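Residues in the sequence shown are numbered from 1 upward in steps of one, following our numbering. Where a beta carbon is used, it is the ideal one built from N, C-alpha and C, also for glycine. Please read these numbers as outputs of a predicted model, since none were measured by experiment.
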Amino acid sequence: MFDRFVPSDLMTSHWDNDCDKPKTDFKKARIIQRAFRQFQEKELSNARLARNSLPNDNTPDDRKFLGLTRYKVKNSQTREQFNQWHTKWIEIYKTDYMMRSSIIIRQYEEYYIPVNWISSKKSQLQIRFQKRLLKIGA
């Protein structure tokens, strides 16, 4: 009366196979080549156009804006000096009501990243762009 199901009827042998992946290395290479061609044919972004417009002026990578990473500096203030500074600000906070809005809550850090790093790198890149624009315009 009842027919029994066989695993091949349910296609269980195909469940473990990925059908969307190419089976040979040659087809994988084709997919990668096609994706790279599509990437090359895209319109260049403004950032990429700006980067490509700058000539290679033999500036070492550690001085370039995009090649330089943030660096940590050893704090010149010792922990004791920081604690003294902190207690002084707490006293000012307790006495002067108007100063309460301008209090900065900080913790001691032995190494810190300087705040002026990003502004100096921005100005460096701006100077490079201005020099390039003067050459193009002249």
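Separation of residue j from residue i, as counted between CA atoms
i           : j           : result
residue 67  : residue 120 : Low local confidence applies: a pLDDT of 46 at residue 67 is under 50, so the model's placement there is unreliable, with the coordinate-based value given in what follows. Using only the alpha carbons, I get a separation of about 14 Å.
residue 39  : residue 84  : 57 Å
residue 29  : residue 37  : 12 Å
residue 74  : residue 124 : 24 Å
residue 58  : residue 33  : 32 Å
residue 127 : residue 135 : 13 Å
residue 122 : residue 27  : 45 Å
residue 31  : residue 45  : 24 Å
residue 129 : residue 96  : 48 Å
residue 131 : residue 35  : 36 Å
From the options, residue whose alpha carbon lies closest to that of residue i
i           : options         : result
residue 206 : 92, 45, 109, 87 : Residue numbering for the chain in the displayed model covers 1 to 138; residue 206 lies beyond these limits and cannot be assessed.
residue 111 : 79, 118, 34, 29 : 79
residue 106 : 128, 86, 38     : 86
residue 72  : 94, 118, 90     : 118
9 Å Cβ cutoff, residue i in contact with chain C
i          : result
residue 85 : Note that chain C does not occur in the displayed structure, where there is just one protein chain.
Beta-carbon contacts of residue i that lie in its chain and below 8 Å, excluding the five residues immediately before and after
i          : result
residue 94 : none
Neighbourhood of residue i by C-beta, 6 Å cutoff - its chain only, sequence neighbours within 5 removed
i          : result
residue 42 : none
Sequence-distant residues of its chain with Cβ nearer than 7 Å to residue i (five each side left out)
i           : result
residue 133 : none
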